[in-house]
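Undergrad: The working numbering applies: residue 1259 is where the sequence shown begins, and numbers increase by one.
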Amino acid sequence: MNPAQRVAIYPGTFDPITNGHVDIIKRAAPLFDRVIVTLAVNSEKRPLFSTEERLEMIRRSIEGIPGVDVDRFSGLVVDYAHQVGASVIIRGLRAVSDFEYEFQIALMNRKQRREIDTVFLMPDEKYTYLSSSIVHEVARNGGAIEAFVPPFVREMLAERYKVDK
Ligand code: COA
C-alpha cells in the first residue's frame, strides 16, 4: 500500500457487470492512481452468478483499462476501503431515482469513517435505464442484450437461462 497513491474502490453486486458499470470504471480510472472494482460477497441480493463467475466477468471486462484491479469484500464497505488504503468510494448515479438511496448510504458511510468520501459519476445517458435485473429479465425472455453487456457476459446469461428453461 503506497500512502501517496490516490486509491478508489467501486463496490457492487455485479450480477452481472453491465456496460453501464464498465462505463463508470472507464471514467473513474483516469481520476485515480488505482481503482479497485470490488464485489460485495455478503450482499442482501441472491445473485444468479457465483462469486467466482462474477469476479471472472469483471476481470474480463476491465482488461486493457490501466490502473484497475478486481477484489471482493464482506462486511462494511468503509472498513474494506480503509484496509486497502482507499479514500474514495465510487458510485454511479443513473437518474434522480438513484439519489435518495445513494445519499443515505453515503451519509451512513461517512458516519462510520469520516475520512472516506463518496464520489458519484454519471454513466453515458444511453445506460441510464440499465440495471442488472433488467438485463436478466430481457435475457430470461430471449430478448436482445448485446448492447447492454460485454459479449462473454451475454454468452453466460444465454447459457444459464437455456439450462434453467
Ligand atoms: N450501469 C448499469 N447499472 C447500474 C449502474 C450503472 N452504471 N450503477 C448501478 N447499476 C445497477 C446495478 O446493476 C444494480 O441493479 P440491480 O439492483 O438490478 O442488481 C443496481 O444498480 C445497484 O447495484 P450496485 O451498484 O451493484 O450496488 P448494489 O446496491 O448491488 O451494492 C453495495 C451496494 C454492495 C455497494 C452496498 O450494499 C454495500 O456497500 N454493502 C456492504 C455493507 C455496507 O457497508 N453497507 C453500507 C452501509 S449501510
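Cβ coordinates follow ideal geometry from the N, Cα and C atoms, glycine included.
Look at P1274 and F1307 and say whether their C-beta atoms are less than 8 Å apart.
TA: yes
Undergrad: Contact between the region 1338 to 1353 and the region 1373 to 1387: three or more CB pairs below 8 Å?
TA: yes
Undergrad: CA-CA distance, V1283 and S1319?
TA: In the sequence as presented, Val is not what sits at residue 1283; that position holds Ile. Cα to Cα, I1283 sits roughly 10 Å from S1319.
Undergrad: Based on Cα-Cα distance, which residue from Y1385, K1420 and P1324 lies nearest to G1401?
TA: K1420
Undergrad: Below 6 Å CB to CB, which residues in the same chain sit around T1309 once its five sequence neighbours on both sides are set aside?
TA: V1299
Undergrad: Taking only runs of the beta strand (DSSP E) that begin and end inside the region 1318 to 1347, which ones reach a length of at least 3 residues, in chain order?
TA: 1326 to 1331
Undergrad: Taking the straight line between their C-alpha atoms, what separation do you get for N1367 and T1386?
TA: Approximately 25 Å, taken between the alpha carbons.
Undergrad: Would you check whether the ligand COA has a heavy atom nearer than 7 Å to the C-beta of M1259?
TA: no
Undergrad: Say yes only if the C-beta of K1303 is nearer than 7 Å to one or more non-hydrogen atoms of the ligand COA, and no if none qualify.
TA: yes
Undergrad: Counting C-beta neighbours from all protein chains within 10 Å, is the total for V1265 16 or more, i.e. buried, or is it exposed?
TA: V1265 is buried by the Cβ-count criterion.
Undergrad: Assuming V1342 and I1392 form a contact by the criterion Cβ under 8 Å, report the distance between their Cβ atoms to the nearest whole angstrom.
TA: Incorrect: roughly 31 Å between the Cβ atoms, too far for contact.
Undergrad: Using only CA atoms, which one of I1403, R1398, R1412 and E1314 lies nearest to R1330?
TA: Among I1403, R1398, R1412 and E1314, the Cα nearest to that of R1330 belongs to E1314.
Undergrad: When you compare only the Cα positions, how much space is there between I1363 and T1376?
TA: 9 Å
Undergrad: Helix, strand or coil for I1267? Go by DSSP, reduced to three states.
TA: strand
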